[in-house]
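Colleague:
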Amino acid sequence: MQKHKVKQTLKIVSAAVALGLTMQGAAYAGSGPGYEDPNNWPQFHRTYNAWHFSPLSQITKANVKKLKVAWIHQPGNITMGQQSFPIVIDGVLYYISANNNVWAVDAATGKTIWHYETKLDPVANEVFYKAASRGVTVGRGKVFVGTLDGRFLALDQKTGKEVWSTQLTDMKKEFGALFSAPPQLAGNVLFGGTTGGDQPIIGKIFAVDADTGKRVWTMEIPKNDPKSWPSEKARSEGGGTAWWPGTYDPTTDTIYIGTSNAAPDYYPDERKGDNLYTATLLALNPKDGSIKWHRQEVPHDAWDYDSVYETLLIPINGKDTIVHLNKNGFVYVMDKDNGKLQNVWQYTENQNFTSGIDPKTGEIHNPNYPEVGKQKLFCPNLLGTRSWNPGAYNPNTKLWYSTGMEVCNTVTGAKQEKVETINGLALGLSEITLVDPPGKKGDGWLGAFDPATGKVKWKIRFDLPPISAVLTTETGLVFMGDFRGSVHAYDGDNGKELWNFNTGSGIRGGIVSYAVNGKQYIVVPSGLGSHVPGFLSGKFPEIKTLPGGSSIIAFTLE
Amino acid sequence: MEPAKDPADATQAATKPAPLPTEAPFDLTDPEHIALGKKRFNAYCAAYCHGNEGSGGKTPAFKGRTDMTQAMLFKVITEGRVGSDVMPSWHAFTEEKRWELVAYIMDLGRQPANK
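From first to last, the protein sequence lines stand for chains A and B.
For the first sequence, position 529 (counting from the first letter as 1) is numbered 512 according to this note's numbering, and the numbering increases by one without interruption.
For the second sequence, position 62 (counting from the first letter as 1) is numbered 54 according to this note's numbering, and the numbering increases by one without interruption.
#1: Can you tell me whether residue 246 (chain A) is helix, strand or coil according to DSSP?
#2: In chain order, which continuous runs of the alpha helix (DSSP H) of length 4 or greater are located wholly inside the segment 388 to 475 of chain A?
#3: Give me the chain A residues within the contact set of residue 85 (chain B), using Cβ-Cβ distance strictly less than 9 Å, ordered along the chain.
#4: Residues of chain A with CB under 8 Å from residue 80 (chain B), in chain order?
#5: Suppose the cutoff is 6 Å on Cβ atoms and the five residues either side in sequence are ignored; what does the same chain contact list for residue 2 (chain B) look like?
#6: For residue 50 (chain A), tell me which candidate among A:471, A:287, A:381, A:111 has the shortest Cα-Cα distance.
#7: Identify, in the order they occur along the chain, each residue of the same chain with its Cβ nearer than 6 Å to the Cβ of residue 50 (chain B), setting aside the five sequence neighbours on each side.
#8: Do residue 375 (chain A) and residue 461 (chain A) have their C-beta atoms within less than 8 Å of each other?
#9: If you draw a straight line from the C-alpha of residue 464 (chain A) to the C-alpha of residue 453 (chain A), how long is it?
#10: Rounded to whole angstroms, what's the CA-CA distance from residue -8 (chain A) to residue 260 (chain A)? Just pull it up for me.
#11: Excluding five sequence neighbours on each side, which residues of the same chain lie with their C-beta closer than 7 Å to the C-beta of residue 195 (chain A)?
#12: Using the DSSP secondary-structure output, state which residues sit across from residue 99 (chain A) in a beta bridge.
#13: Between the alpha carbons of residue 433 (chain A) and residue 531 (chain A), how many angstroms are there, rounded?
#14: Roughly how many whole angstroms lie between the Cα atoms of residue 366 (chain A) and residue 309 (chain A)?
#15: Just the C-alpha distance for residue 324 (chain A) and residue 306 (chain A), rounded to the nearest angstrom, thanks.
#16: What are the boundary residues of the alpha helix (DSSP H) that includes residue 204 (chain A)?
#17: Let me know if residue 36 (chain A) comes out buried or exposed under the rule of 16 or more other beta-carbons within 10 Å of its beta-carbon.
#18: Would you say residue 256 (chain A) and residue 213 (chain A) are within 8 Å of each other, going by their C-beta atoms?
#19: Taking contact to mean at least 3 C-beta pairs separated by less than 8 Å, is the segment 153 to 167 of chain A in contact with the segment 126 to 136 of chain A?
#20: Which class does residue 145 (chain A) belong to by DSSP, given the choice of helix, strand or coil?
#21: May I ask you to report which of helix, strand or coil DSSP gives residue 15 (chain B)?
#22: Pick out the complete alpha helix (DSSP H) segments inside the segment 285 to 327 of chain A, 4 residues or longer, and give them in chain order.
#23: So what's residue 34 (chain B) in DSSP terms, helix, strand or just coil?
#24: Against residue 77 (chain B), what residues of chain A qualify as contacts under a CB-to-CB distance less than 8 Å, listed in chain order?
#25: Rounding to the nearest angstrom, what Cα-Cα distance links residue 360 (chain A) and residue 42 (chain B) in this structure?
#26: Going along chain B in order, which residues have a C-beta closer than 8 Å to the C-beta of residue 414 (chain A)?
#27: Exposed or buried, residue 6 (chain A), counting other C-beta atoms within 10 Å across all chains shown (16 or more means buried)?
#28: Are the C-beta atoms of residue 543 (chain A) and some chain B residue less than 8 Å apart?
#29: Rounded to whole angstroms, what is the Cα-Cα separation between residue 522 (chain A) and residue 170 (chain A)?
#30: Tell me which same chain residues have a C-beta within less than 7 Å of the C-beta of residue 87 (chain A), skipping the five on either side of it?
#31: What number of angstroms, rounded off, separates the C-alpha of residue 485 (chain A) from the C-alpha of residue 26 (chain A)?
#32: Just to make sure I have the definition right: I need the residues of chain A whose C-beta is within less than 7 Å of the C-beta of residue 74 (chain B). Which are they?
#33: Here's the rule I'm using: 16 or more other beta-carbon atoms within 10 Å means buried, otherwise exposed. How should residue -6 (chain B) be labelled?
#34: Look up residue 94 (chain B) in the DSSP assignment and say whether it is helix, strand or coil.
#35: Could you check whether the Cβ of residue 52 (chain B) sits closer than 8 Å to any Cβ belonging to chain A?
#36: Taking the alpha carbon of residue 200 (chain A) as the point to measure from, which residue in A:273, A:66, A:524, A:394 has its own alpha carbon closest?
Right, here's the structure in full:
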């Protein structure tokens, strides 16, 4: 149904252009991938190519300073902040707040249409990743949720009533394996993995029938292969979850989804081998979960360098090409049909876990491994060169805008002892301390990169590393939020700030744009949360003083 | 009309847990217990949350703290805490292990605050 609507819209646009009509209201100019369904934000990254790009053009560099608050929606629960990536379809905005509270809101007025409070198993209070909720998926007349007690859940899109619920994990046996990110649709298949990567479990990707909730397939991420894992014990405690949403490319019927680090994180001694399929980008067949190809970015990971971030599909030399950032601070550019590397470029300014990565083979030269009982410095730190907040690609400037964090950690490796509690992690360390990069002061940035080569067009420094997603629009604007709660609009050509607004609490989630009744809106989730602020406060004590919160704030022109 | 009773209230009353102990069963300044608490703190509490020597988290840094009592620490470790941030409950650790964590955190409190 959605596809049909897209086609219809494109036809209307084409007809208007052919007749030389001037588009009114929230008009847009382009066509092709990234321009589908321009008025909506129908999926996590808006389009399957993960651009975080809106084709709407009513808000421009000239008038952005006239943005004013149109409405604010407050869910009333602020635990772990507001981490969601709102979805907007035909004038209704869907989002999630702490503890899986799901909301449907009138996107023109902010009025609540329905609210569903997920009844969670009390075990959800005991786990390490409690409360964090990062989004919903909407399609096939339903709103889909990955729950904090290990289920996929479907609600009726119009009423918010439960349609089906399927338990997928055993929380007590699997160290609180739960879903904090929304499962994604690949046709009639709904797929996703559990949060973490640091628990002593076999991480899995689950797929169910989106209409019935019936299980379709389950993929075990630690590969059942003695060449990858020296023992079944190592494999069964190897971690490797897929905790961030994958994407579905309908043109090739392929799921792209990345996997986490291997566990125990900093104690790799008892898991000799490449530890497939951890720290890997997977291309899967949605029908049965079979692997079309894989690219392991960090074989035998020992630094908590997950491969879970967004899979960008960007035209490079005339062909859609995967551009994929790893937590290790390198970007892998590869063929989308077979994962063959075209380039690997350094994204972070500070790294010392390798003397370099081969841009043709991906080999990590001279890996600097942790050692038991010895304190060593590693850059980037375990939070990564960037957190999970995605960047944004603009097809007009041909630049990729994304944030970074220049912070290292010292780690003293330790033999991993049996994890004693459901909320424990297998980190394999006896000490970890966030520190400045050698000779520098730790900070963060927003950068504009050539996605193929890493050439920097511009960078803006932030004394507290930004952890919000980035949005870019047809008119060359770049929106992002900072730790203290200000949302900024920049000129995508040169990084000049054009507008800002203080939302009152730090920005962590996904900034999106949509149009309803001919007006373009920018929506900002405000509310500092997730484990990142808490852990970073050891390095940046000011964070302890920053308020939490949770609100969805919509801006439009006067 | 009589308001409906929440069945959870009845269950809670029937299974009301015993009050939490307010005093440690051993000397909290004992170096051996402090060392065991430190080891467990580093393995379970430091990464992603409280940081090295409790410098992180949304709570004030532990070093130099004079406001922490043993009863309060034991209660928070046992029950967890929910505010704008979260701390899960650690009741799955034995009481002795929780008191060892208390011993380590109070030892940090006796050390000078980081500048």
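Every residue gets a Cβ at the ideal spot worked out from N, C-alpha and C, and that includes glycine.
Modeller: Answer, in terms of the structure:
#1: Under the three-state reduction of DSSP output, residue 246 (chain A) falls in the coil class, being neither helix nor strand.
#2: Annotation note: the segment 388 to 475 of chain A contains no uninterrupted alpha helix (DSSP H) run of length 4 or greater.
#3: Per Cβ cutoff of 9 Å: 403, 404.
#4: Close to residue 80 (chain B), with beta-carbon spacing below 8 Å, are these residues of chain A in chain order: 108, 109, 110, 111, 113, 406.
#5: Here the model assigns residue 2 (chain B) a pLDDT of 46, short of 50, so the residue's position is not dependable, and the following value carries that caveat. The answer is none, since no qualifying residue turns up.
#6: Cα-wise, what sits closest to residue 50 (chain A) is A:471.
#7: If we look at residue 50 (chain B) and ignore the five residues flanking it on each side, its Cβ neighbours are 77.
#8: Yes; because the gap between Cβ atoms is below 8 Å, this pair is in contact.
#9: Across the structure, residue 464 (chain A) and residue 453 (chain A) are spaced so that their CA atoms are roughly 8 Å apart.
#10: Interpretation of residue -8 (chain A) is limited by its pLDDT of 44, a score under 50 that renders its predicted location unreliable; no figure is taken from the coordinates.
#11: Its chain contains 147 as the residues whose beta carbon lies nearer than 7 Å to that of residue 195 (chain A), once the 5 sequence neighbours on both sides are disregarded; these appear in chain order.
#12: Answer is A:85.
#13: Whole-angstrom Cα-Cα distance: 35 Å.
#14: Computed Cα separation, rounded: 11 Å.
#15: One Cα belongs to residue 324 (chain A), the other to residue 306 (chain A), and the distance between them is close to 10 Å.
#16: Residue 204 (chain A) -> no alpha helix (DSSP H), and no H or E assigned at all.
#17: Residue 36 (chain A) should be labelled buried.
#18: Contact flag set, yes.
#19: Judged by pairs of C-beta atoms under 8 Å, the segment 153 to 167 of chain A touches the segment 126 to 136 of chain A, as three or more such pairs exist.
#20: In this structure, DSSP gives residue 145 (chain A) an extended state, which the three-state scheme calls strand.
#21: Coil at residue 15 (chain B), not helix or strand.
#22: None, since the segment 285 to 327 of chain A contains no complete alpha helix (DSSP H) of that length.
#23: For residue 34 (chain B), the three-state secondary structure derived from DSSP is helix.
#24: Residues of chain A passing the Cβ test: 62, 63, 512, 516, 517, 531.
#25: Spanning the two alpha carbons is a distance of roughly 19 Å.
#26: What residue 414 (chain A) touches in chain B: 34, 38, 44.
#27: Note that residue 6 (chain A) scores a pLDDT of 40, beneath 50, so its modelled location is shaky and nothing firm can be said.
#28: The question about residue 543 (chain A) has no answer, for chain A in this structure spans -16 to 541.
#29: In a straight line, the C-alpha of residue 522 (chain A) is about 44 Å away from that of residue 170 (chain A).
#30: Result list for residue 87 (chain A): 75, 77, 96, 97, 143, in chain order.
#31: Residue 485 (chain A) and residue 26 (chain A): Cα-Cα distance of roughly 27 Å.
#32: The contacting residues are 62.
#33: For residue -6 (chain B), the predicted structure reports a pLDDT of 46, less than 50, and the residue's modelled location is therefore unreliable. A value from the coordinates is still provided. That one is exposed.
#34: Here residue 94 (chain B) sits in helix by DSSP.
#35: Cβ-Cβ to chain A under 8 Å: yes for residue 52 (chain B).
#36: Looking at the Cα atoms, A:273 is the closest of the given residues.
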